[in-house]
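Student: So the sequence shown is numbered by the UniProt record's numbering: it starts at 1 and just counts up by one.
All residues carry an ideal CB built from backbone N, CA and C; glycine is no exception.
Here the structure is a predicted model, which is why all the values come from computation and not from measurement.
Please read through the structure below; I'll follow up with questions.
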Amino acid sequence: MTNAGPGRPRLTARRRPGGTARAEILDAAAELFTTRGFAATSTRHIAEAVGMRQASLYNHFATKDDILVALLADTVTPALDFAENLRPRGTSPEVKLYALSYIDAAQLITGRWNLGVLYLLPELRSDRFMSFRADRDRLREQYRALAQAVLDAIDDPASTHLAELPFRLVESVISARADALEGTPIPNAAVIAGSALHILGWRQDLDPIHTEAAELIANAETPKLSGAASAPDNFDAMRT
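Right, here's the structure in full:
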């Protein structure tokens with residue numbers, strides 16, 4: 001990404017969410033990439049959707065790929081940072097897995113655009129997106145480690161192959177959002193978080209797990225967590 005410069009005056013007043021031109025560009029690109037398609041969207045289309053000159057867009061992003069990199073990073077970085085901050089805490093793996101699943105699912109569900117659908121783009125196989133793929137792999141490993149700790153506590157030999165499932169379950173909300181356009185309801189984040197434990201064979205009362213997870217989330221030192229994922233009031237509201 002290039003350093004932002006003053007650029008030329010805007011063609012129109014601000015028309016998108018975000019307090020900066022960069023945020024507006026990302027919002028416009030997110031809409032166009034998820035509705036029109038990445039390959040079919042040009043930087044000119046993005047600039048027009050924001051109401052700025054194409055040349056001004058390049059003060060913030062050098063290429064269309066740079067915009068996609070930034071959008072993809074925002075889908076994994078908050079959950080990854082949260083997971084890595086959980087590691088030194090003495091909380092049980094059940095609470096940690098519930099909290100991580102909740103945070104991740106909430107952000108995927110409540111984001112303004114369903115950016116997870118971009119994970120399937122063939123362009124993401126190129127070296128340009130290696131950092132995103134590495135971060136997503138790190139997040140998947142955080143899930144797997146927590147799930148394995150839960151499985152170890154359950155001590156069921158038949159369940160040892162299940163450690164990869166919570167991560168896959170959480171990301172299933174991406175396709176659920178796409179299906180919701182046709183009227184199919186989306187499970188809320190708390191349902192997903194509880195199911196991440198149940199899929200491992202964990203069958204105890206979820207109420208104390210939910211309460212402890214709420215405290216973890218409320219005290220999280222993860223600045224990029226969205227309001228929907230981080231606020232305790234929203235945490236309980238999304239459980240119903």
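Count the other C-beta atoms from every protein chain shown that fall within 10 angstroms of the C-beta of Gly-5, then say buried if there are 16 or more, exposed otherwise.
Tutor: Residue confidence is low: Gly-5 scores 46 on pLDDT, short of 50, so the model does not pin down where it sits. No coordinate-derived value is stated.
Student: Buried or exposed: which applies to Pro-208, given that a residue is buried once 16 or more other Cβ atoms fall within 10 Å of its Cβ?
Tutor: Pro-208 should be labelled exposed.
Student: Say whether the segment 106 to 122 touches the segment 73 to 83, bearing in mind that this needs 3 or more beta-carbon pairs closer than 8 Å, one atom from each stretch.
Tutor: At 8 Å Cβ cutoff, the stretches touch.
Student: With DSSP collapsed to three states, give me the class of Leu-121.
Tutor: Reduced to three states, the DSSP call for Leu-121 is coil.
Student: Starting from Gly-194, trace the alpha helix (DSSP H) in both directions and tell me its first and last residue.
Tutor: Segment 189 to 198, the alpha helix (DSSP H) holding Gly-194.
Student: What are the start and end residues of the alpha helix (DSSP H) that includes Leu-162?
Tutor: Careful: Leu-162 lies outside any alpha helix (DSSP H) and carries neither H nor E.
Student: Using the three-state DSSP reduction, which class does Met-1 fall into: helix, strand or coil?
Tutor: The pLDDT assigned to Met-1 is 43, lower than 50, so where the model puts this residue is not dependable, and the model offers no usable value.
Student: Would you call Val-210 buried or exposed, if buried means 16 or more other Cβ atoms sit within 10 Å of its Cβ?
Tutor: Sequence inspection shows His at residue 210; the Val mentioned does not correspond to that position. Buried, since its Cβ has 16 or more Cβ neighbours within 10 Å.
Student: Is it the case that the segment 31 to 43 contacts the segment 81 to 96, given that we only count it when at least three CB pairs across the two stretches are under 8 Å?
Tutor: With the cut-off at 8 Å, the segment 81 to 96 and the segment 31 to 43 do not touch.
Student: Can you list, in chain order, the residues of its chain with a C-beta nearer than 6 Å to that of Arg-112? Leave out the 5 residues immediately preceding and following it.
Tutor: There are no such residues.
Student: Which stretch, first to last residue, makes up the alpha helix (DSSP H) that contains Ser-92?
Tutor: Counting along the chain, Ser-92 falls outside any alpha helix (DSSP H), and DSSP gives it neither H nor E.
Student: Closer than 9 Å, CB to CB, is Val-173 near chain C or not?
Tutor: The chain inventory of the structure shown lacks chain C, comprising one protein chain alone.
Student: Helix, strand or coil for Thr-41, going by three-state DSSP, please let me know.
Tutor: The answer is coil: DSSP assigns Thr-41 none of H, G, I, E or B.
Student: For Leu-71, collect the residues of the same chain with a Cβ closer than 8 Å to its Cβ; drop the 5 residues on either side in sequence, then sort them by chain order.
Tutor: Leu-26, Ala-29, Ala-30, Phe-33, Leu-115 and Leu-118, listed in sequence order.
Student: State the start and end residues of the unbroken alpha helix (DSSP H) segment that holds Thr-34.
Tutor: Note, Thr-34: alpha helix (DSSP H), 21 to 35.
Student: Helix, strand or coil for Phe-61, going by three-state DSSP, please let me know.
Tutor: It is coil, neither helix nor strand.
Student: Let me know the secondary structure DSSP gives Ala-180 once reduced to three states.
Tutor: Of the three classes helix, strand and coil, the one that applies to Ala-180 here is helix, per DSSP.
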